[in-house]
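To convert, note that position 89 of the sequence shown is 88 in numbering that gives the first Met the number 0; the numbers rise steadily by one, no gaps. Heads up, the beta-carbon is just placed ideally off N, CA and C, and yes, glycines get one too. Everything numeric in this text was worked out from a predicted model, so none of it was measured.
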Amino acid sequence: MTLTVETVETTIYDGQKPGTSGLRKKVKVFTQVNYTENFIQCILDANGSALKGSTLIVGGDGRYYCKEAVAIIIQICAANGVSKLLVGQNGILSTPAVSALIRDHKALGGIVLTASHNPGGPNSDFGIKFNCGNGGPAPDVVTDHIYQLTTAIKEYKIVKNLHVDITKVDINTYNINNQQEFVVEIIDSVENYVNCMKEIFDFGKLRKFLSGETTGKPLRMLIDSMNGVTGPYVREIFLNCLSASEDSVVHTKPLPDFGGLHPDPNLTYAKHLVQTVADGKYDIGAAFDGDGDRNMIIGYKAFFVTPSDSLAVIANYVECIPYFQKYGIQGFARSMPTAAAVDLVGQKLGKEVFEVPTGWKYFGNLMDAGRLCLCGEESFGTGSNHIREKDGIWAVLAWLSIMQHTGLSIEDILKLHWSTYGRNYFTRYDYEECELKSCNDMMAYLENIISDLSFVGREFTAGGKTYKVKMADNFSYTDPVDKSVATKQGIRVLFEDGSRIIIRLSGTGSTGGTVRLYIDSYEKDNILGEASIMLKPLIDVALEISRLPQFTGRSSPTVIT
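Shown next, in the form of structure tokens:
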């Protein structure tokens, strides 16, 4: 059969602007005529002459429309001079696995099909993002270029009669236009990633720890993949490699609609896990999001570990992980809204600590420059420089390594940490799918009030506590490596006692606007209080300053973490 390239005329779709982690819309948007084809063509065009003869990685979280999108990507890549595709079997590849494959195969990049922690199904969300040659999400200069191309596209190239069976691990070779060889290799989705984890952690020690061989008591563990992409990885690592029991894992089959679950690993959407662990039968519980880059850690009786504390604890014990013993410890970093707990660890260890905008792509330059080895975001993302993405399974293996190293429970590890460094009480309120104009009006209002010179020094009182404004701004960031600048990254109000209020609009939703309100308060001595009680006065102040209920019409958040 002759495989020929066709050129298809198309029309422009407005709004194909990638957000923090790619382009996310409802499935019904992506399934419009030529919508997905347009965006894929623009991703390829943005790579220019480097595309010819290149290798790309393709895979996703298995959500609805994933397989159809893989088929389109294969056909368009064949028509545009790509030499080879490595495609996850059944279209399945976790986001961390894509990053690892890009780096291991020195690929030009990867196309990741995911809407991360957003719901899946025919009436829910889909997403496409491009990862560059370092394995990380495309930086602003690349996504801006892709977007500009989407505003001018007139045609795309495709090989319509190329059909590949992605259900079987195999190497498929084709001849395009009787001159170009095109290879589509369907690969085992988990093998490369599992080998990577074996190089980072001591699986022998972890296996003995889980079985109780070294402690006299087996570790009771419950891992919830929430019917997302991590299921096959979890089964291979925890059941086959670490010999955990079958009842240690749940929801391990990737499903197009995640089985009706909302694959966002937090106290709200992973409530089944939280309720089960709260009964006292487990020493550790963990959950992951749809594409496997986020994680939630809870201890005995569902003792909750905030992502900010998780990052700080891993930083404090990072030397117990063989990977860091071998490659050394560079700096640490956190996203701006993340509580500053890791800053204190960095100070003690004499390491650089960076504060960057939200979005994993901002960590990549620091890693590539050798200045960063560990980083995290308050949105349940933690990772290291083994790849250029956050990595949920990696985070759980890191915590198991710390538990094995210290011989302590998760709660005791946290209490010891707080007694040493103090405690950053932290919470995040999410107001999802708000009316976008109202959100923008609120941000403009906040921009106006913090620009008033009299705002600094003002006092706000709630719940018997008074907070005096030390400074306020709309966070901007200058990359210390390439000197690129990111502006308007979120309104910050910092108080003299070290407390912080941060308000920003999220770029990860598919419809409307999502307002995120972050509350962070540091306590040196009062470390065992109830977070909701400790933070309520500052939350009330934040709602007063922002007038968020008035602007959004919301009396309460969608999610509290």
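By the three-class DSSP mapping on this structure, what secondary structure does residue i have?
{"i": "V182", "result": "strand"}
{"i": "V273", "result": "helix"}
{"i": "G489", "result": "coil"}
{"i": "R597", "result": "This structure does not reach residue 597, given that the chain is present from 0 up to 560, and the question cannot be answered."}
{"i": "D124", "result": "strand"}
{"i": "D519", "result": "strand"}
{"i": "L2", "result": "strand"}
{"i": "Y299", "result": "helix"}
{"i": "D169", "result": "strand"}
{"i": "K27", "result": "helix"}
{"i": "V540", "result": "helix"}
{"i": "D76", "result": "Residue 76 is actually Cys in this sequence, not Asp. Looking at C76 - three-state DSSP - the assignment turns out to be helix."}
{"i": "N33", "result": "coil"}
{"i": "A68", "result": "helix"}
{"i": "F379", "result": "coil"}
{"i": "P138", "result": "coil"}
{"i": "G61", "result": "coil"}
{"i": "E529", "result": "coil"}
{"i": "V558", "result": "strand"}
{"i": "F362", "result": "helix"}
{"i": "V158", "result": "coil"}
{"i": "C41", "result": "helix"}
{"i": "T19", "result": "coil"}
{"i": "N133", "result": "coil"}
{"i": "D246", "result": "helix"}
{"i": "N174", "result": "strand"}
{"i": "Y146", "result": "helix"}
{"i": "K467", "result": "strand"}
Would you mind giving the Cβ-Cβ distance between residue i and residue j, rounded to the nearest angstrom? I have them listed as a contact below 8 Å.
{"i": "F425", "j": "E377", "result": "7 Å"}
{"i": "G561", "j": "F257", "result": "With the chain covering only 0 through 560, there is no way to say anything about residue 561."}
{"i": "I175", "j": "A49", "result": "Incorrect: roughly 19 Å between the Cβ atoms, too far for contact."}
{"i": "V69", "j": "L112", "result": "7 Å"}
{"i": "I101", "j": "I75", "result": "About 19 Å separates the two Cβ atoms, so there is no contact after all."}
{"i": "P253", "j": "G230", "result": "5 Å"}
{"i": "E199", "j": "I320", "result": "Strictly speaking, residue 199 in this sequence is Ile, with Glu absent from that position. About 7 Å; that satisfies the 8 Å criterion."}
{"i": "R293", "j": "G330", "result": "So it is not a contact: roughly 22 Å between Cβ atoms."}
{"i": "L221", "j": "T275", "result": "6 Å"}
{"i": "V352", "j": "D342", "result": "5 Å"}
{"i": "I500", "j": "I544", "result": "7 Å"}
{"i": "A243", "j": "L272", "result": "No, A243 and L272 are not in contact; Cβ-Cβ is about 16 Å, not under 8 Å."}
{"i": "L2", "j": "V163", "result": "Incorrect: roughly 11 Å between the Cβ atoms, too far for contact."}
{"i": "L445", "j": "I490", "result": "5 Å"}
What does residue i pair with, by DSSP beta-bridge criteria?
{"i": "C433", "result": "G512"}
{"i": "N239", "result": "DSSP, once it has assigned bridges, lists no residue as partnering N239."}
{"i": "G47", "result": "Per DSSP, none; premise fails for G47."}
{"i": "V355", "result": "S334"}
{"i": "I56", "result": "L85 and G109"}
{"i": "R503", "result": "R515"}
{"i": "D472", "result": "R491"}
{"i": "E8", "result": "E154"}
{"i": "R427", "result": "Y517"}
{"i": "R422", "result": "E522"}
{"i": "V189", "result": "Beta-bridge pairing links V189 to no other residue."}
{"i": "T477", "result": "V484"}
Buried or exposed for residue i, going by 16 or more other Cβ atoms inside 10 Å?
{"i": "Y326", "result": "exposed"}
{"i": "S53", "result": "buried"}
{"i": "E458", "result": "exposed"}
{"i": "D278", "result": "exposed"}
{"i": "A151", "result": "exposed"}
{"i": "M470", "result": "exposed"}
{"i": "N89", "result": "buried"}
{"i": "E36", "result": "buried"}
{"i": "A443", "result": "exposed"}
{"i": "E388", "result": "buried"}
{"i": "H416", "result": "buried"}
{"i": "H385", "result": "buried"}
{"i": "I11", "result": "exposed"}
{"i": "Q346", "result": "exposed"}
{"i": "H250", "result": "buried"}
{"i": "G358", "result": "buried"}
Checklist line | Sequence ranges, alpha helix (DSSP H) only - wholly within the region 85-116, length at least 4 | finding: Fully enclosed alpha helix (DSSP H) runs of 4 or longer: 94-104.
What are the complete beta strand (DSSP E) segments, minimum 3 residues, inside the region 193-228?
At a cut-off of 3 residues, the continuous stretches assigned as beta strand (DSSP E) that sit fully inside the region 193-228 are 220-223.
Open item on the list: So within the region 285-353, which uninterrupted beta strand (DSSP E) runs reach at least 3 residues, ignoring any that extend past its ends?
Closed with: You should have 294-298 and 330-334.
Runs of beta strand (DSSP E) wholly within the region 435-461 (minimum 3 residues, chain order):
Qualifying beta strand (DSSP E) stretches, in chain order: 458-461.
Which runs of the alpha helix (DSSP H) fall wholly inside the region 367-418 and span at least 4 residues, in chain order?
Look at the region 367-418 and you find these whole runs of alpha helix (DSSP H), each 4 residues long or longer: 391-405.
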